[in-house]
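Numbering (my numbering), first residue to last: 569 to 778.
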């Protein structure tokens with residue numbers, strides 16, 4: 569059984585994480601200081617460093633569990649014996665639902681301290697996960713378009729596809745509708761968008777190969 573001190577320590581850590589998440593979402597990662605997070609959490613600016621050495625440590629703690637969960641969902645969907653087109657639609661919908669569920673944290677999860685998606689060995693663990701997610705998207709697009717892994721068009725087409733996903737998320741970032749309402753109302757439109765884009769990419773890929 570945890571001691572009172574251990575319970576207080578865990579409560580302080582949770583308060584710091586909650587404060588950091590709120591401030592990062594409202595003001596942005598770069599604009600917030602550790603001192604401001606400590607004040608919001610109700611602890612001293614020296615206490616916060618006992619738990620987190622800097623803002624990057626907070627970024628890691630806030631982002632890694634959800635991103636790893638998304639990675640597991642991608643893997644589960646891609647392990648199913650379905651056609652590449654259906655797999656792409658499945659992980660696309662999963663990504664959109666994840667982002668709309670965590671819409672206040674979307675920028676933190678995917679953009680803060682990010683690197684290029686084709687960087688092979690990112691230093692930060694969060695960027696390793698981000699790039700693995702993009703690699704799974706790339707592999708699925710590759711299956712749909714039947715391109716070789718070394719084909720330079722593959723990265724370009726996957727980026728174009730991701731731009732569409734990002735645009736969908738950004739459109740509803742400030743919506744007052746719940747994620748359930750948005751997905752229920754707009755899923756047919758999302759699926760149509762995937763199909764139209766995929767048709768265009770296939771035609772482009774086939775035309776370029778001739």
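For every residue, glycine included, the Cβ atom is placed at its ideal position computed from N, Cα and C.
Determine, using beta carbons only, whether residue 600 and residue 668 come nearer to each other than 8 angstroms. no
Does the Cβ-Cβ distance between residue 628 and residue 693 come in under 8 angstroms? yes
Assign residue 616 to one of two classes, buried (16 or more other C-beta atoms within 10 Å of its C-beta) or exposed (fewer than that). buried
Here's the rule: buried if 16 or more other CB atoms are within 10 angstroms of the residue's CB, otherwise exposed. What is residue 767? exposed
Please tell me whether residue 656 and residue 731 are closer than 8 angstroms, where the distance is taken between their beta carbons. no
To which residues of the same chain is residue 700 closer than 8 angstroms at the C-beta, ignoring the five residues directly before and after it? 639
If you check the beta carbons only, do residue 642 and residue 624 fall under 8 angstroms apart? no
For residue 743, count the other beta carbons within 10 Å of its own beta carbon; 16 or more makes it buried, fewer makes it exposed. Which is it? exposed
Given a cut-off of 8 angstroms on the beta-carbon distance, is the pair residue 769 and residue 713 in contact? yes
Does the beta-carbon distance from residue 795 to residue 723 come in below 8 angstroms? A query on residue 795 cannot be resolved here, the shown segment of the chain reaching from 569 to 778 and no further.
Rounded C-alpha distance that separates residue 591 from residue 612: 17 angstroms
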